[in-house]
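Okay, structure coming up:
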């Protein structure tokens with residue numbers, strides 16, 4: 041007859057690893073989504089027109105930065121990374137934003153042009169996800185947009201070695217002062233700075249609904265046409 045082992049009691053976590061009251065309360069956060077619905081009949085058959093409609097409503101609602109979107113890329117190590125940028129244009133060719141080509145996202149896109157975008161309009165209880173292939177816009181497009189930027193932003197494009205380690209903020213400020221003195225009021229577009237365009241291959245529109253029975257409509261291309269289908273939430 042073997043003796044029964046005493047029940048194991050997990051050792052208490054050290055204070056540095058114990059969850060804070062705030063962290064513990066996160067699991068209790070709840071929200072009921074009841075603002076709107078998204079049906080096949082009421083949505084546009086063209087995802088770009090549907091996006092135009094929703095973005096227009098986000099602008100009309102005067103949401104904070106309705107043009108902000110998350111850009112997800114994947115590096116050579118197969119690790120994904122995200123950051124928030126601002127959409128600067130869209131049409132049948134795709135979604136456009138501008139950045140430093142030597143940044144982490146720029147380097148990742150150079151090795152893997154597949155990316156995903158996401159807009160989250162919290163107040164409208166809406167999300168738009170877009171997946172596709174990214175390419176650089178033309179030099180003419182990048183030049184035109186760069187010339188439209190405020191002077192400080194144009195100087196900043198030269199001053200910041202984006203995503204690289206720097207000694208401190210002082211080095212950044214010194215760089216800006218140096219380039220401001222060099223270029224005065226007419227800084228040209230840096231060769232490492234310009235636009236990207238994501239050509240959508242798939243769209244998804246998410247509308248929050250009551251009881252977590254959310255509406256999800258996906259648009260995917262098939263034989264040159266957009267196929268619209270509903271996904272389970």
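Residue numbers (the working numbering): 41 to 273. Every residue, glycine too, gets a C-beta built ideally from N, C-alpha and C. None of the values given here were measured: they were computed from a predicted structure.
Taking a contact to mean a Cβ-Cβ separation below 8 angstroms, would you say residue i touches residue j in this structure?
i           : j           : result
residue 87  : residue 243 : yes
residue 249 : residue 203 : no
residue 125 : residue 111 : yes
residue 182 : residue 235 : yes
residue 165 : residue 259 : no
residue 191 : residue 225 : yes
residue 156 : residue 169 : yes
residue 153 : residue 174 : yes
residue 216 : residue 199 : yes
residue 95  : residue 84  : no
residue 146 : residue 116 : no
residue 230 : residue 265 : no
For residue i, count the other beta carbons within 10 Å of its own beta carbon; 16 or more makes it buried, fewer makes it exposed. Which is it?
i           : result
residue 207 : exposed
residue 89  : exposed
residue 257 : buried
residue 148 : buried
residue 65  : exposed
residue 240 : buried
residue 193 : exposed
residue 247 : buried
residue 255 : buried
residue 78  : buried
residue 122 : exposed
residue 109 : buried
residue 267 : exposed
residue 177 : buried
residue 210 : exposed
residue 101 : exposed
residue 70  : exposed
For residue i, name the three-state secondary structure that DSSP assigns.
i           : result
residue 84  : coil
residue 166 : strand
residue 270 : strand
residue 218 : helix
residue 247 : strand
residue 108 : strand
residue 119 : coil
residue 68  : coil
residue 265 : strand
residue 212 : helix
residue 102 : coil
residue 229 : coil
residue 252 : helix
Per the DSSP calculation, residue i is bridged to which residue(s)?
i           : result
residue 60  : DSSP lists no partner for residue 60.
residue 95  : Per DSSP, none; premise fails for residue 95.
residue 89  : DSSP output for residue 89 lists no bridge partner at all.
residue 238 : 135 and 174
residue 260 : 242 and 267
Checklist line | Contained beta strand (DSSP E) runs [length at least 3] in the region 155-210, N- to C-terminal order | finding: The region 155-210 contains, as complete beta strand (DSSP E) runs of 3+ residues, the segments 166-176 (chain order).
Margin query: Threshold first: 3 residues or longer. Then list the beta strand (DSSP E) segments lying entirely within the region 126-153, N to C.
Written below: Assignment of beta strand (DSSP E) within the region 126-153, counting only whole runs of 3 or more residues, yields 129-131 and 134-140 in chain order.
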